[in-house]
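In this note's numbering, the protein residues as written are 731 to 1108.
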């Protein structure tokens, strides 16, 4: 039996080796959308991604018989310690179908977090935090690719996680809503809300990109703060991520609501460009741009990924006009429907609204935890 060796590595020096290890793991998975090398290199580079200013990250690669067979990154997020002290994070946890590989990688991450930073609980997968891609897909495994910016994993992962002593902490759901007639009752609410002139809705203005993006950072910092697992996010990191998304933002689908000229709510829906990039094998050159140009107009689904109301305005149904304008834009675009994700399991208000709109859960993601404290120690 080939020996398993786990080696600590460094970013940015070893990014290519780290990311390159994923291709053999997913080569027979029809649902995998390879990340664009340009984007993932930028994201993992401490010299380019401001996230690293508030976190310590230790990546590892596992080798079996000298061949790379898995990866993991352990993250000690200093901002997270303000709200969840003692939590150490793991992500980018990819491995071949060999429990020994997964166990060796998880042990390496756990030992670094406990020994170097005093972590008491291991939480993940989250790459790097809940502000990025997070959660293990636990069902279904039907070959369906994920929507844009939603994580994907092999079907054997959940069983391996549980065999390693990781326990379910929370679940998030992806809802699917078919395109169809605008709900009449919601139109009545919209008309009532907008009739007084106090509430105004406008699309995202790409010409004042930084200003509008900062409004969303303020919204995210306020409206998401009560959520389980929420991770504080610096302005610089938020703007970095916003710039990553800028090429695929459609102003018709990114909306801002104002009450008496004060920013009160916003929503971000993206065309599912995974339907394009799945054919590009991670590369824009030499033919990636051709795929983008030819296939962009054939995108048939959207993903509603952000929708929130500042807490002081949550007594108003501001989500209704945002939702309806997105719905109308989707009908004009001729898409089949929209995924709304990821919705926390205890977000009863949002889940109830989605059910009333005909939404159905079509995918489940789960976060896991494991204690790093030796309960038997004196």
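Ideal Cβ positions, reconstructed from N, Cα and C, are used throughout, including at glycine. Every value quoted in this text rests on a predicted model; they were computed, and no experiment measured them.
So does the region 940-959 actually touch the region 1047-1065, counting three or more Cβ pairs closer than 8 Å?
Contact between the region 940-959 and the region 1047-1065 is not established, with fewer than three Cβ pairs separated by less than 8 Å.
Let me check understanding here. Comparing Cα to Cα, which of 842, 949, 972 and 797 lies closest to residue 732?
It is 797.
Identify every residue that forms a DSSP beta bridge with residue 1033.
Among the bridge pairs identified by DSSP, residue 1033 is matched with 1000 and 1069.
With a 10 Å radius around its C-beta and 16 neighbouring C-beta atoms as the bar for buried, classify residue 1034 as buried or exposed.
Burial of residue 1034 is indicated by the presence of at least 16 other C-beta atoms within 10 angstroms of its C-beta.
Just reading off the beta strand (DSSP E) that residue 786 is part of, what are its end residues?
Note, residue 786: beta strand (DSSP E), 785-794.
Nonlocal neighbours in the same chain, by C-beta distance under 6 Å from residue 735, ignoring five residues either side:
Excluding sequence neighbours, residue 735 sits near 793.
Taking three-plus beta-carbon pairs below 8 Å as touching, is the region 996-1009 in contact with the region 756-765?
Flag = yes, the region 996-1009 and the region 756-765 touch.
With a cut-off of 8 Å on the beta carbons, I'd call residue 693 and residue 803 a contact; round off their distance for me.
The structure shown does not extend to residue 693, since the chain is modelled only from 731 to 1108, so the question has no answer here.
Secondary structure at residue 1096, three-state DSSP: helix, strand or coil?
Residue 1096 falls in the strand class under three-state DSSP.
Just verifying my parser: in three-state terms, what is the DSSP assignment at residue 1078?
Helix.
Secondary structure of residue 981, DSSP reduced to three states:
Three-state result, residue 981: helix.
Residues in its own chain within less than 6 Å of residue 774 by CB, not counting five upstream and five downstream?
Excluding residues within five positions, the ones whose Cβ falls inside 6 Å are 741 and 745.
Just curious, the alpha helix (DSSP H) that residue 756 is in, first and last residue?
Unbroken alpha helix (DSSP H) run through residue 756: 752-756.
I need the DSSP call for residue 777, collapsed to helix, strand or coil.
Of the three classes helix, strand and coil, the one that applies to residue 777 here is coil, per DSSP.
Integer-rounded CB distance, given that residue 1039 should sit under 8 Å from residue 995
The Cβ separation is near 4 Å, so the contact holds.
Looking at C-beta atoms only, is the number of pairs between the region 805-825 and the region 847-864 that lie closer than 8 Å three or more?
Touching, per the Cβ criterion.
Which residue marks the beginning of the beta strand (DSSP E) containing residue 1051, and which one marks its end?
First-last for residue 1051: 1049-1063, but that is the alpha helix (DSSP H), not the beta strand (DSSP E).
Nearest CA to the CA of residue 1031: which residue from 1056, 1012, 1089 and 1066?
For the residues 1056, 1012, 1089 and 1066, the minimum Cα distance to residue 1031 belongs to 1066.
According to DSSP, simplified to helix, strand and coil, what is residue 930?
In this structure, residue 930 counts as strand in the three-state DSSP scheme.
Considering Cα atoms alone, identify which of 809, 783, 1051 and 937 is closest to residue 912.
Residue 912 has its Cα closest to that of 1051, out of 809, 783, 1051 and 937.
Test item: CB-CB of residue 993 and residue 948 under 9 Å:
Their beta carbons are under 9 Å apart, which means residue 993 touches residue 948 by this criterion.
Report the partner residues of residue 738 according to the DSSP bridge assignment.
According to DSSP, which records beta bridges pairwise, residue 738 is partnered with 790.
Count the other CB atoms, across all protein chains shown, that sit within 10 Å of the CB of residue 1095; report buried if there are 16 or more and exposed otherwise.
With 16 or more other Cβ atoms within 10 Å, it is buried.
Excluding the 5 residues flanking residue 827 on each side, which residues of the same chain have their C-beta closer than 6 Å to its C-beta?
Correct list, in chain order: 886.
By how many angstroms is the C-alpha of residue 795 removed from the C-alpha of residue 737?
Roughly 13 Å between the two C-alpha positions.
Need the endpoints of the beta strand (DSSP E) that residue 901 sits in, please.
Run containing residue 901: 897-908, per the beta strand (DSSP E) assignment.
May I ask which residues mark the beginning and end of the alpha helix (DSSP H) holding residue 809?
Here residue 809 belongs to no alpha helix (DSSP H), and DSSP marks it neither H nor E.
So, for residue 812: in the same chain, excluding its five sequence neighbours on each side, which residues have a beta-carbon less than 7 Å away from its beta-carbon?
For residue 812, where only same-chain residues beyond five positions count, the Cβ hits under 7 Å are 962.
Would DSSP call residue 995 helix, strand or coil?
Looking at residue 995 - three-state DSSP - the assignment turns out to be strand.
DSSP puts residue 869 in a beta bridge; with which residues?
Partner residues in the beta bridge of residue 869, as assigned by DSSP, are 1094.
Cβ atoms of residue 1100 and residue 835: under 9 Å apart, would you say?
One thing to note: residue 835 has its Cβ no nearer than 9 Å to the Cβ of residue 1100.
For the beta strand (DSSP E) that contains residue 1110, what are its first and last residues?
What the structure shows of the chain is the stretch from 731 to 1108, and residue 1110 is not part of that stretch, so it cannot be assessed.
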